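In numbering that gives the first Met the number 0, the protein residues as written are 0 to 230.
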Amino acid sequence: MEKTKVLLVEDDPNLGSLLKEYLDAKGYSTVLAINGKQGYDVFSKDKFGICILDVMMPVKDGITLAKEIRVLDANTPIVFLTAKSMKEDALEGFSVGADDYITKPFSMEELLMRIKAILRRTESKSNKNSDEGEFVIGKYKFDYKHQVLELKGAQHKLTTKEAELLKLLCLHANEVLDRNFALKSIWNDDNYFNGRSMDVYIAKLRKYLKEDESVELINVHGKGFKLLTGE
């Protein structure tokens, strides 16, 4: 069974090393970053099951890092570590998409319990939203596994790239899908030519989805794309 990858961003070297050693011993694969900038660089190049971010850090704080992570990925769970017990701190964390927070000092057993609980919820939600890669987009049904888009019994076979791009849009439905993230995820490179190629695929998907007026695939200037599903 593949280990869950944890991104731990903590500027205290002693606490960071201790947490990494503990989580690794508990069966996780932990990557430690020492500030927000390094944390972002690591996250943008790999996939993680959960992120644990210290709020107060040099170079880039945890709140700013969480906002940037949410641009790249809307679903990876985030837990904040904070030395403050202030309600405002927690509220700000939740407002940028945090799943939980824990106040220092804390026991490692408590952090482990929180991680396990969040991962269980995330897995349950993922299974509910997408059973074997099946999505509902307004009146359309999208079967990613078989690369088929269906409307009122009529089926349209998608190319592999079309299916991959539509799946990514579905996973970020009603949220902005970052353009560079999409390019790196599907084309592995965000160069100019791949960007032009993706624009062609976006235009094709927009054409395929035009039969349902409640569904809209829009460009978000300077950021990326948003699939509005009418929900």
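Just so it is clear, CB atoms sit at the ideal spot from N, CA and C, and this is done for glycine as well. Since the model is a prediction, treat every value here as computed from it, not as a measurement.
Shortest alpha-carbon distance to residue i belongs to which of the options?
{"i": "residue 71", "options": "44, 55 and 155", "result": "44"}
{"i": "residue 55", "options": "40, 102 and 18", "result": "102"}
{"i": "residue 162", "options": "145, 174, 13 and 57", "result": "145"}
{"i": "residue 175", "options": "35, 30, 67 and 189", "result": "67"}
{"i": "residue 223", "options": "206, 186, 152 and 197", "result": "197"}
{"i": "residue 14", "options": "74, 195, 47 and 107", "result": "107"}
{"i": "residue 116", "options": "152, 48 and 81", "result": "48"}
{"i": "residue 3", "options": "118, 42 and 201", "result": "118"}
{"i": "residue 228", "options": "136, 199 and 208", "result": "136"}
{"i": "residue 160", "options": "187, 152 and 153", "result": "187"}
{"i": "residue 221", "options": "215, 194 and 214", "result": "194"}
{"i": "residue 250", "options": "120, 82, 122 and 213", "result": "With the chain covering only 0 through 230, there is no way to say anything about residue 250."}
{"i": "residue 120", "options": "74, 152 and 24", "result": "74"}
{"i": "residue 42", "options": "96, 69, 213 and 12", "result": "69"}
Near residue i, what residues of its chain come up, given a Cβ to Cβ distance below 8 angstroms and the 5 sequence neighbours on each side ignored?
{"i": "residue 150", "result": "138, 139, 140, 210 and 211"}
{"i": "residue 232", "result": "A question about residue 232 goes unanswered here, because the residues of the chain that appear run from 0 up to 230."}
{"i": "residue 16", "result": "31"}
{"i": "residue 12", "result": "33"}
{"i": "residue 216", "result": "168, 201, 204, 205, 208, 224, 225, 226 and 227"}
{"i": "residue 109", "result": "101"}
Throw me the rounded Cβ distance for the residue i and residue j pair, which I believe falls under 8 angstroms.
{"i": "residue 51", "j": "residue 91", "result": "Contact flag wrong, Cβ pair sits at about 17 angstroms."}
{"i": "residue 60", "j": "residue 35", "result": "6 angstroms"}
{"i": "residue 32", "j": "residue 5", "result": "With a Cβ gap of about 11 angstroms, residue 32 and residue 5 do not count as contacting."}
{"i": "residue 113", "j": "residue 78", "result": "6 angstroms"}
{"i": "residue 165", "j": "residue 204", "result": "6 angstroms"}
{"i": "residue 111", "j": "residue 172", "result": "About 32 angstroms separates the two Cβ atoms, so there is no contact after all."}
{"i": "residue 98", "j": "residue 76", "result": "4 angstroms"}
{"i": "residue 22", "j": "residue 53", "result": "That pair is no contact at about 15 angstroms."}
Within the same chain, show all residues whose beta-carbon is closer than 6 angstroms to that of residue i, passing over the 5 residues directly before and after it, in chain order.
{"i": "residue 231", "result": "This structure does not reach residue 231, given that the chain is present from 0 up to 230, and the question cannot be answered."}
{"i": "residue 129", "result": "Note that residue 129 scores a pLDDT of 49, beneath 50, so its modelled location is shaky; the value from the coordinates is reported in the next line. Excluding sequence neighbours, residue 129 sits near nothing in its chain."}
{"i": "residue 213", "result": "137 and 229"}
{"i": "residue 127", "result": "For residue 127, the predicted model reports a pLDDT of 48, less than 50, meaning its position is unreliable; a value from the coordinates is still stated below. So no residue of the chain qualifies."}
{"i": "residue 143", "result": "132, 162 and 166"}
Using DSSP's beta-bridge definition, name the partner residues of residue i.
{"i": "residue 142", "result": "133 and 147"}
{"i": "residue 153", "result": "150"}
{"i": "residue 225", "result": "175 and 217"}
{"i": "residue 169", "result": "Partner(s): none; residue 169 has no beta bridge."}
{"i": "residue 40", "result": "Residue 40 pairs with nothing; no bridge assigned."}
{"i": "residue 4", "result": "28"}
{"i": "residue 102", "result": "81"}
Once DSSP output is grouped into helix, strand and coil, what is the label at residue i?
{"i": "residue 127", "result": "Residue placement at residue 127 is poorly supported in this model, since its pLDDT is 48, which falls under 50; the coordinates still yield a value, given next. Residue 127 falls in the helix class under three-state DSSP."}
{"i": "residue 28", "result": "strand"}
{"i": "residue 121", "result": "helix"}
{"i": "residue 79", "result": "strand"}
{"i": "residue 201", "result": "helix"}
{"i": "residue 107", "result": "helix"}
{"i": "residue 68", "result": "helix"}
{"i": "residue 164", "result": "helix"}
{"i": "residue 23", "result": "helix"}
{"i": "residue 158", "result": "coil"}
{"i": "residue 208", "result": "coil"}
{"i": "residue 33", "result": "coil"}
Whose C-beta lies closer than 7 angstroms to the C-beta of residue i among residues of the same chain, with five residues either side of it excluded?
{"i": "residue 19", "result": "7, 29 and 31"}
{"i": "residue 156", "result": "146 and 147"}
{"i": "residue 26", "result": "2"}
{"i": "residue 64", "result": "8, 35, 38, 39 and 52"}
{"i": "residue 10", "result": "33, 34, 53, 56 and 57"}
{"i": "residue 218", "result": "224"}
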